[in-house]
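The block underneath contains the structure these notes are about, expressed in structure tokens.
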RNA sequence: GGCAGGUUGCCCGAGUGGCCAAAGGGAGCGGACUGUAAAUCCGUCGGCUUAGCCUACGAAGGUUCGAAUCCUUCACCUGCCA
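In the working numbering, the protein residues as written are 4 to 435.
Here it is as structure tokens:
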């Protein structure tokens, strides 16, 4: 196996910390003789019903390793998800076993799409850590695993220190490190896994496993972390638009919304994100960066990034549809001139609702019905602020109601809040 | 188990009887500028049938003309002691 993978990761900005880099390089090189590819893993806890965009970084890194000749294991944290990795903001709310199980299943399904299962020596494996911890007894755990951990070391961890300085931390979360370390040991024993990767916040958990394996098995294994994705302002990725994460599950974040998020990435972040989230090579990314620098208004980098990512997550077909919808809805052309088929297709990518013109719905009703605002108060505010549009025309009167002559082909009204929140309202014509 | 402190809007945080839907900051949202960008400036930021009403300051009771603010009980959190 080539060791170029490390250079590539370095170039992409995907390496935050690692254990002895030369040792890892040697291991990668030695594994080059089939059938002994290096085996690596990364875990994903079910803390929500879906993975989010940030999870793609480690997931795609697994894929990069696989392409370079390694065998990836993706781990769904059915067990660790029940405990909760300590975070700075305080104790996590525990979810019921049913909920965690349900989420673990969904996440497992998503994980499977990003690595290849081809039955070759580098074919991926999917595992769930509940399978080897679910039946384990507390005594067993404390004797076999707990004995190898020093409280002193655990207390020295940054997250623990911060939590102790604040509101404290439960024993449950304090134990998380042991569970994750045990996972690494288990995968080392069962599958010869010698490398664990993860976000840089996972460093402590990963080296915990490295230490455990050294103590118990006397073997040297590796740890590699990736920087947490931030934008040029240092803000956490996915938090700069819409207030929340963007999710892989199309039922939570529509492919259209997903695409739009990436089209709107700041110039300063495009190159960075292209390196992290796509498989484009150096030449292509360099060219796109030059393009963004010279002709920023064309947003070539953003468009390519959005297309690549939408294809990766939702497939080529969906991507074509959202690209067409975006260009129809954001195009310079007159909405009235769009042919009915194009309009139908474009609006199928955004939230829609149906209305009855004979009920004389006002602009406030339209904004609420399409879900563009959360309340009638917010709708009034939007109108008052000049942020409400119907068919690209600003509406400033709260009492304004559409007439039949306002309908676009197919009976549509394109309702917009602000610059880029669009929805469709289709009038049902009722004969009175 | 004892003692002390705490629990405020999406988050942080001020508020110790009326002027409190509740300072300030952050996030969010809208407008201007622009390129569906960033920065900046301005506005907005519980709900409704919106000059009014309703819901809200951990929960439930109580005192009072009036409570986020006082009293009681309960729950949870933190620290110290056992």
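Each residue gets a CB set at the ideal place from its N, CA and C atoms; glycine is no exception.
Computed from a prediction, not measured in an experiment: that's the story for all the values here.
Given residue i, which residues of its chain have a CB within under 6 Å of its CB, disregarding the five upstream and five downstream residues?
| i | result |
| --- | --- |
| residue 187 | 199, 212 |
| residue 369 | 418, 428 |
| residue 18 | 12 |
| residue 231 | 202, 203 |
| residue 15 | 278 |
Mind checking residue i: buried by the 16 CB within 10 Å criterion, or exposed?
| i | result |
| --- | --- |
| residue 228 | buried |
| residue 125 | buried |
| residue 206 | buried |
| residue 68 | buried |
| residue 146 | exposed |
| residue 176 | buried |
| residue 320 | exposed |
| residue 74 | buried |
| residue 9 | buried |
| residue 142 | exposed |
| residue 183 | buried |
| residue 280 | buried |
| residue 181 | buried |
| residue 100 | exposed |
| residue 166 | buried |
| residue 210 | buried |
| residue 123 | exposed |
| residue 371 | buried |
Looking only at its chain, what residues have a beta carbon closer than 8 Å to the beta carbon of residue i, apart from the 5 residues adjacent to it on each side?
| i | result |
| --- | --- |
| residue 114 | 47, 54, 62, 77, 79, 129 |
| residue 249 | 55, 56, 241, 256, 260, 261, 264 |
| residue 355 | 373, 426, 427, 428, 429 |
| residue 244 | Reliability of the predicted coordinates at residue 244 is poor, the pLDDT of 48 falling under 50, and no value is obtained from them. |
| residue 409 | 393, 394, 416 |
Output yes or no for whether 9 Å exceeds the beta carbon distance between residue i and residue j.
| i | j | result |
| --- | --- | --- |
| residue 268 | residue 291 | no |
| residue 386 | residue 398 | yes |
| residue 59 | residue 251 | yes |
| residue 330 | residue 352 | no |
| residue 179 | residue 96 | no |
| residue 106 | residue 156 | no |
| residue 366 | residue 393 | yes |
| residue 39 | residue 223 | no |
| residue 118 | residue 65 | yes |
| residue 111 | residue 132 | no |
| residue 81 | residue 134 | yes |
| residue 350 | residue 424 | no |
| residue 289 | residue 303 | no |
| residue 7 | residue 225 | no |
| residue 30 | residue 197 | yes |
Excluding the 5 residues preceding and the 5 following residue i in the sequence, name in chain order all residues of the same chain whose CB lies nearer than 7 Å to its CB.
| i | result |
| --- | --- |
| residue 276 | 268, 308 |
| residue 314 | 322 |
| residue 421 | 390 |
| residue 159 | none |
| residue 253 | 317 |
| residue 219 | 151, 188 |
| residue 192 | none |
| residue 401 | 365, 366, 367, 383, 386 |
What residue does the beta strand (DSSP E) around residue i start on, and which one ends it?
| i | result |
| --- | --- |
| residue 500 | Here the chain comprises residues numbered 4 to 435, so residue 500 is not present and cannot be evaluated. |
| residue 83 | From DSSP, residue 83 is part of no beta strand (DSSP E) but of the alpha helix (DSSP H) over 83 to 86. |
| residue 356 | 355 to 359 |
| residue 129 | 128 to 131 |
| residue 75 | 74 to 79 |
| residue 227 | 225 to 229 |
| residue 47 | 42 to 47 |
At what residues does the alpha helix (DSSP H) containing residue i begin and finish?
| i | result |
| --- | --- |
| residue 373 | Premise fails: residue 373 is in no alpha helix (DSSP H) and is neither H nor E. |
| residue 271 | 270 to 280 |
| residue 424 | Per DSSP, residue 424 belongs to no alpha helix (DSSP H); it is in the beta strand (DSSP E), 424 to 431. |
| residue 202 | Per DSSP, residue 202 belongs to no alpha helix (DSSP H); it is in the beta strand (DSSP E), 196 to 202. |
| residue 415 | Run containing residue 415: none in the alpha helix (DSSP H); it sits in the beta strand (DSSP E), 415 to 420. |
| residue 391 | Segment 391 to 393 is the beta strand (DSSP E) holding residue 391; no alpha helix (DSSP H) there. |
| residue 150 | First-last for residue 150: undefined, no H or E at that position. |
| residue 400 | It is not in any alpha helix (DSSP H) - residue 400 carries neither H nor E in the DSSP assignment. |
| residue 314 | 303 to 317 |
| residue 232 | Neither: residue 232 is in no alpha helix (DSSP H) and is coded neither H nor E. |
| residue 388 | Counting along the chain, residue 388 falls outside any alpha helix (DSSP H), and DSSP gives it neither H nor E. |
| residue 263 | 258 to 266 |
| residue 58 | It is not in any alpha helix (DSSP H) - residue 58 carries neither H nor E in the DSSP assignment. |
| residue 157 | 154 to 158 |
| residue 175 | 174 to 177 |
For the region 209 to 223 and the region 143 to 157, state whether three or more C-beta atom pairs, one from each stretch, are separated by less than 8 Å. In short, these stretches touch, since the Cβ pair count reaches three.
Inter-stretch contact (C-beta, 8 Å, three-pair minimum) for the region 327 to 338 and the region 399 to 406: Contact fails: fewer than three Cβ-Cβ distances are below 8 Å.
Determine, using beta-carbon pairs with one atom in the region 303 to 323 and one in the region 84 to 91, whether at least three such pairs fall under 8 Å. Touching, no.
When you compare the region 296 to 306 with the region 342 to 349, are there three or more beta-carbon pairs, one atom per stretch, that lie closer than 8 Å? No, the region 296 to 306 does not touch the region 342 to 349.
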